[in-house]
Amino acid sequence: MISQFRKHRLFFLSFGCTLLTLLFFGVNTIAYQALIIEKHSEGQDKLLDYVIELRNELKNYHILPYALADNPTLLAFMNNPKDPVLTQRLQRQLEDLTHVSKTQDWFILSAQGDLLVSSEQSPHFDLDDYFSKQDLSNVLKEQQGEYILVSGYNPKQYKSAHLVLAPVYTKTGLAGAVAVRINVSDLIERWNLLDDLVVMTDQNSLIFLASKLNRLLVSNWLDSPTEVKFLNNTRSKVYHLNDENYLLQNVTLDDLKWQIHYLSNLKGIHKKAQNIAFISLGIFALIFLFWLYRRERSLKIASKLENEILIANSAQRQRVLIENTHVGLLQLTKRGEISFVNPMGVRYFGQRAELNNHYLHEFLPNCPENKIALAFIKSLHTQEVTGNTLAENLLEQEVVLQKEDGLVFPALLSVSSLKWSDSQGYLVTLLDISKRKKAELNLLEANTRLEERVLERTKALEAAQKELLRTEKLAAIGQMSTAIAHELNQPLTGIRTLAYTAELLLRRQDSEQALKTLIDLESLVVRMQKLTSELKVLAYRRPEQLAPTSIKNSIEGAIESLGDDANNVHWEITFKDLDSVIAEPTRLERIFSNLISNSIQACAELKIIPHIKISLEKHDTQITINYQDNGPGIENTQLIHIFEPFFTTKPIGKGLGLGLAISANLAKDMNGVLKASHDDESRLVFRLTLLKA
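Numbering of the sequence shown is given in the UniProt record's numbering, commencing with residue 1 and proceeding in unit increments.
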């Protein structure tokens with residue numbers, strides 16, 4: 001119950017933390033949206049104020065150029081622009097107008113946009129750096145006598161200039177214009193608000209006024225803002241500058257083609273939204289903690305009541321289990337005195353046996369079976385079990401117990417230390433094993449009888465096995481005798497015939513033919529000698545000492561021993577820098593000789609050129625030599641007999657079938673193994689594995 005209570009508490013705590021986290025983010029998001037919508041509305045109001053203020057500022061400059069447009073001196077100058085007297089007089093008037101109107105510069109322009117006369121109040125200002133002649137000419141022609149306000153930009157100095165133009169007409173038509181360079185930078189100082197920014201761009205999207213930006217805005221800054229959508233479906237843009245976000249709002253002056261951009265700093269909005277979220281989080285956390293406290297208190301009360309019920313039920317179940325268990329249970333005090341016995345324990349000792357207030361060792365007769373149990377239980381009575389020994393238990397000790405009538409019975413005795421509250425005691429379990437002992441005796445007797453029968457059966461099987469081995473040996477000897485007799489009879493018959501022929505030739509004194517006959521006779525004798533030598537190899541003793549042996553030299557020796565038979569063989573040998581194994585050179589050469597000889601004979605039967613492939617593989621401390629040819633191979637059913645003596649697929653008279661058997665024995669003598677198997681293409685492959693040198 002306590003574990004379940006803790007699980008519930010952990011669950012609600014984790015649920016509360018998750019809910020508080022979601023609440024924080026939810027309130028923060030909603031508060032942020034509400035604040036940014038309010039900020040957007042305030043920005044619209046600000047933009048309207050800026051437009052009104054800008055309009056009022058520009059009204060002061062509307063009539064300035066018209067004050068000179070109808071001046072007689074100007075009209076005379078337009079008809080004769082090269083007259084120095086008119087030029088000087090007009091320039092003086094422009095200077096006076098500049099001082100009176102508190103503007104920056106006055107200019108007289110031709111219809112083609114050329115500068116004719118200037119007030120020269122700004123020596124570092126060059127009109128051509130800001131305006132092109134063609135643009136000014138086009139503007140004059142398009143406006144047709146209306147008020148004109150144009151803006152220019154100097155990319156080298158990052159500055160803008162603004163001209164108020166009034167066209168000048170003569171009898172011939174449009175002659176030029178009066179231009180006044182005005183300064184609207186005072187507006188920015190008045191618009192220099194806290195963390196908000198104001199930017200003004202002309203018809204070419206060029207910045208000519210900006211508050212507190214200090215040239216931080218790039219030329220294409222209007223392409224980088226991010227589109228946002230508020231909860232009320234209002235759309236706006238957010239601009240990122242100097243690691244801060246600004247809400248970007250703008251308005252366009254249609255007649256001037258200017259734009260006023262208002263950038264509201266969102267830093268305060270984020271902080272304000274977080275503060276609102278934290279306050280909401282704190283209020284909700286207090287409510288949640290209060291609810292959790294009330295719930296935990298009610299759960300503890302319910303848990304306490306439930307635990308009391310569970311304890312009562314558990315005690316009842318334990319009492320039922322103890323009374324109905326089929327094992328004798330005794331409770332001992334710390335001095336070994338019996339304080340409780342369950343019904344099965346009473347049944348073991350007898351219904352009238354007095355057990356309470358007695359000691360357990362009183363019911364253990366003094367016999368060898370009870371030696372360990374008596375020593376342990378008496379130590380409880382004498383208080384000799386102290387320190388760490390008290391923690392030790394006596395588990396499943398076979399003892400002999402005495403009943404009330406003096407009879408004894410075998411039992412399994414276990415004594416375990418018990419601690420409850422501040423008391424110390426022991427729990428004793430007894431199990432009557434009389435039936436098990438009787439079953440053990442019966443089983444022992446049955447095992448004895450079974451062993452006798454197994455011994456008899458084993459002797460019979462050994463006799464049958466000896467008879468089977470003798471039969472197999474006789475069959476092998478018969479097979480070997482038949483093969484040897486056939487192999488020996490052929491050369492013996494030839495020897496007899498050749499000896500008789502040699503005798504006749506000698507009588508005829510034909511010594512040359514007799515010599516040839518004797519040579520043929522010698523080859524038959526060599527053949528018989530080779531046959532007997534192969535039989536002797538089966539009884540070779542293992543080599544006393546193995547040494548590092550070159551695989552390459554052994555293969556070359558085997559090829560050389562075969563003589564002309566190995567001349568037409570096509571070889572494919574790959575060593576991979578592995579050439580030395582632990583072997584005996586003669587035996588290793590004999591293995592290769594037998595394998596190559598078999599390949600040559602098999603290919604000769606098919607009348608094909610032998611193709612022999614030899615490769616090496618390294619496996620930790622061993623080297624495997626793979627041998628493969630293009631012969632006919634062998635069937636899977638015959639593969640398991642390929643290394644048996646006298647097994648051959650050749651007809652009788654073509655061989656005894658000892659070559660591969662001898663090769664396998666030679667490999668075994670050198671602590672190696674020779675195996676045969678089929679590869680993925682069902683071709684026969686021999687694998688000789690030896691220790692690496």
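By construction, the Cβ of each residue, glycine as well, lies at the ideal position given by its N, Cα and C atoms. Quantities reported herein were computed from a predicted structural model and do not represent experimental measurements.
How far does the alpha helix (DSSP H) with residue 176 in it extend, from its first residue to its last? Unbroken run through residue 176 is the beta strand (DSSP E), 173–182; no alpha helix (DSSP H).
Fully enclosed by the region 342–373, which alpha helix (DSSP H) runs are 4 residues long or longer? 343–349
Whole angstroms are fine: how far does the CA of residue 30 sit from the CA of residue 271? 13 Å
Candidates 613, 400 and 101: which alpha carbon is nearest residue 410's? 400
Count the other C-beta atoms from every protein chain shown that fall within 10 angstroms of the C-beta of residue 659, then say buried if there are 16 or more, exposed otherwise. buried
By Cβ distance below 7 Å, which residues in the same chain neighbour residue 390 in space, the five residues on each side in sequence not counted? Confidence in residue 390 is poor, its pLDDT being 43 and thus under 50, which makes the residue's placement unreliable; the coordinate value appears in the next sentence. Excluding positions up to five away in sequence, the list reads 417.
Simplified DSSP state of residue 282, which is helix, strand or coil: helix
Spell out a yes or no on whether the region 173–181 and the region 63–71 are touching, meaning 3 or more CB-CB pairs, one atom from each, closer than 8 Å. yes
Who are the near neighbours of residue 360 in its chain, counting only those whose CB is closer than 8 Å to its CB and skipping five residues on each side? 330, 332, 336, 338, 377 and 428
Please report the distance separating the alpha-carbon of residue 327 from that of residue 396. 13 Å
Just confirm the distance between the C-beta atoms of residue 281 and residue 22, as a whole number of angstroms; I'd bet it's less than 8 Å. About 10 Å; that fails the 8 Å criterion.
Short Cβ contact (7 Å threshold) for residue 107 with residue 115: yes
How many whole angstroms separate the CB atoms of residue 625 and residue 608, which I take to be in contact at a CB cut-off of 8 Å? That pair is no contact at about 24 Å.
What are the start and end residues of the alpha helix (DSSP H) that includes residue 153? It is not in any alpha helix (DSSP H) - residue 153 instead sits in the beta strand (DSSP E) that spans 148–154.
Tell me the start and end of each unbroken beta strand (DSSP E) in the region 223–300 that is at least 3 residues and wholly inside, in chain order. 226–229, 235–241, 244–253 and 258–265
Across the region 76–94 and the region 158–166, are there enough close Cβ pairs to call them in contact, namely three or more that are closer than 8 Å? no
How close, in whole Å, do the beta carbons of residue 199 and residue 266 come, if the pair is a contact with beta carbons under 8 Å? Incorrect: roughly 16 Å between the Cβ atoms, too far for contact.
Could you work out which residue in 268, 257, 373 and 601 is closest to residue 152 when comparing CA atoms only? 257
Around the C-beta of residue 171, are 16 or more other C-beta atoms found within 10 angstroms, so that it is buried, or is it exposed? exposed
Between which two residues does the beta strand (DSSP E) carrying residue 682 extend? Looking at the DSSP string, residue 682 is not in any beta strand (DSSP E), and its letter there is neither H nor E.
Would you tell me roughly how many angstroms separate the C-alpha atoms of residue 502 and residue 563, rounded to the nearest one? 29 Å
Rounded to whole angstroms, what is the Cα-Cα separation between residue 322 and residue 342? 6 Å
Whole-angstrom distance between residue 691 and residue 671, CA atom to CA atom: 7 Å
Beta-carbon gap between residue 622 and residue 574 smaller than 7 Å: no
Residue of 182, 491, 141 and 155 minimising C-alpha distance to residue 207: 155
Can you tell me the Cα-Cα spacing of residue 712 and residue 373, whole angstroms? Since the first and last residues shown for the chain are 1 and 693, residue 712 lies out of range.
Per DSSP, the bridge partner or partners of residue 328: 430
Residue 169 bridges to which residues according to DSSP? 174
Rounded C-alpha distance that separates residue 630 from residue 599: 8 Å
Let's test the definition: count the other Cβ atoms within 10 Å of the Cβ of residue 41 and tell me whether it reaches 16, buried, or not, exposed. exposed
Straight-line gap, residue 303 to residue 315 (C-alpha atoms, nearest Å): 18 Å
Would you kindly check if the distance between the Cβ of residue 104 and the Cβ of residue 183 is under 7 Å? yes
So for residue 397, helix, strand or coil by DSSP? strand
Return the chain-ordered list of same chain residues with a C-beta closer than 8 Å to the C-beta of residue 276, the five sequence neighbours on each side being excluded. 27, 28 and 31
Work out the CA separation of residue 54 and residue 167 for me, nearest whole Å. 23 Å
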